[in-house]
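S.K.: Count the sequence shown with the working numbering and you get residues 84 to 451, in order.
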Amino acid sequence: MAQARRNILPIGIHLDPDAVYMTQLEQHGRGMKVVSKASQRLSTSAETVARVAAASAGGRETAERVYSQARQFVRSKIAADGFRGRDVVISLPQENLVIQHVRMPPMQPEELKAALPYELQGKLPFDPKDAVVRHIVAGAISENNETKHDVLVLAASRHVVEKHVSAMTRMGLNVTGVGVEPCAMCYCYAYAAAHSGPSQEGPACVMIVFLGLRTTHVAILRGQETTFAKGIEQGTDSLIDAVATSKNVPLEKAALLVETWRQSPGPETLEEAVGVYSRCRAGLDHLIDEIESCVRYHASLARGAEVDRLYFVGPGAGDRALVRVLCARLHVACEVGDPFGAVTGEANPETTEPEMAVAVGLSLFGAQ
84 MAQARRNILP IGIHLDPDAV YMTQLEQHGR GMKVVSKASQ RLSTSAETVA RVAAASAGGR
144 ETAERVYSQA RQFVRSKIAA DGFRGRDVVI SLPQENLVIQ HVRMPPMQPE ELKAALPYEL
204 QGKLPFDPKD AVVRHIVAGA ISENNETKHD VLVLAASRHV VEKHVSAMTR MGLNVTGVGV
264 EPCAMCYCYA YAAAHSGPSQ EGPACVMIVF LGLRTTHVAI LRGQETTFAK GIEQGTDSLI
324 DAVATSKNVP LEKAALLVET WRQSPGPETL EEAVGVYSRC RAGLDHLIDE IESCVRYHAS
384 LARGAEVDRL YFVGPGAGDR ALVRVLCARL HVACEVGDPF GAVTGEANPE TTEPEMAVAV
444 GLSLFGAQ
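1. For V408 and V357, which I take to be in contact (beta-carbon distance under 8 Å), what is that distance rounded to the nearest angstrom?
2. Could you pull the DSSP bridge partners for H184 from this structure?
3. Within 10 angstroms of its Cβ, does Q191 collect 16 or more other Cβ (buried), or is it exposed?
4. Pairing CB atoms from the region 426 to 440 with CB atoms from the region 251 to 260, are three or more of them under 8 Å?
5. Kindly indicate the opening and closing residues of the alpha helix (DSSP H) around R362.
6. If you draw a straight line from the C-alpha of G101 to the C-alpha of R124, how long is it?
7. Using CA atoms only, rank isn't needed, just tell me which of G285, G314, T319 is closest to E308.
8. Excluding the 5 residues preceding and the 5 following S361 in the sequence, name in chain order all residues of the same chain whose CB lies nearer than 6 Å to its CB.
9. For a test of the three-state rule: what should DSSP assign to D210, helix, strand or coil?
10. Is the beta carbon of R392 closer than 9 Å to that of C410?
11. Using the three-state DSSP reduction, which class does P93 fall into: helix, strand or coil?
12. Return the residue from the list V406, P93, Y150 that minimises the CA-CA distance to Q107.
13. Excluding sequence positions up to five away, which residues of its chain have a Cβ less than 6 Å from the Cβ of M290?
14. If you draw a straight line from the C-alpha of S249 to the C-alpha of S376, how long is it?
15. Using 9 Å as the threshold, is the C-beta distance between T452 and L203 below it?
16. Can you have a look at P437 and say buried or exposed, based on whether 16 or more other CB atoms are within 10 angstroms of its CB?
17. From A163 to G112, what does the alpha carbon distance come to, in whole angstroms?
18. By a C-beta neighbour count over all protein chains shown, 10 Å radius and 16 as the cutoff for buried, is D210 buried or exposed?
19. Does the Cβ-Cβ distance between G449 and T435 come in under 9 Å?
20. I need the straight-line Cα distance from G306 to A214, nearest angstrom please.
21. Quick check: G262 and S347, are their CB atoms within less than 9 Å of each other?
22. Contact defined as beta carbons within less than 8 Å: I believe C271 pairs with P422. What is the distance between those atoms, to the nearest angstrom?
23. Would A338 pass as a contact of V132 if the rule is Cβ separation under 9 Å?
24. My understanding is that I224 touches L445, with C-beta atoms under 8 Å, so please give their C-beta distance in whole angstroms.
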């Protein structure tokens, strides 16, 4: 009997402003298993408090220091932590990605690709001709009695992309691909859809919400196809100030409380956290409004089609209390995502690692 083909996939490396996540998968026939995984928090609690107090994303020097630490961590793990080979797929740091919405007349894919650099002139913080540009056609709309296509553009400066690739190459790694959070976070669910049986109702429509500490990303996936992506300039760390006000404690104390709530708290602590977050309406209203507006936008383009399920991923999704409060206020069935369970078929609600979703998706670049 012939043995099932084994395929070692590249190491997915998710570079985040506050942490680095690594995952490598192995494809064995129609199955998937985890070769190795690792992660490391890079920012300190004091840095988080300072950033929240200043209401800023942090300076360029801080980002360079963090990414230097991330690369050192990657080097140490690849050398001695079970990862195999030196092929990697990296994510572009979120602050280097621009998502721009444009409306274009219907045209062939090749024509649209050629026309976008001209349409994007003056709409990006860099010259579109010197950018790496990818796009998603979200759907058709009627504007002034004309049919137009809503096109979601994901763009980054080519210089910045090459800079991150060069940094990894100097470490002796072979960069086989570069991804971005809003797309890579969907790939584990796209893979699951591709390997599931056919449904009489057609492919499911799922929303993926990446709860980052500094920003949030929303994407919608129908079957294997990503049909929508949007960035929200609010992360879960923005709630620290609201928690401090609700508990009448300094920011430093509030930051420590939130960190505790993210680390699988006991039942009493969980209920306390749910109560505090429920009182932080001002901090949550904007995030909830943005997510619900994405649901409405999708319905308007998909002729009223509903989102079947919402999955929360990212480091903020580890905060079970926050997810409970969000789920209670959103008008869609939702849960904490399990990226490893999605690709291996071995889901376990007690051991989900939603923060690894992007790294899992990056490793899937090499999947069949």
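Ideal placement from N, C-alpha and C gives every residue a C-beta, glycine not left out. Quick caveat, the model's predicted, so the values are computed rather than measured.
M.R.: On the basis of the data shown:
1. 6 Å
2. L235
3. exposed
4. no
5. 350 to 362
6. One detail in the question is off: residue 101 reads as Asp in this sequence, not Gly. About 6 Å.
7. G285
8. V408
9. coil
10. no
11. strand
12. P93
13. I303, V390, L393
14. 39 Å
15. Summary: the structure shown does not reach residue 452, with the chain confined to residues 84 through 451, and so no result is reported for it.
16. buried
17. 27 Å
18. exposed
19. no
20. 29 Å
21. no
22. 4 Å
23. yes
24. That pair is no contact at about 32 Å.
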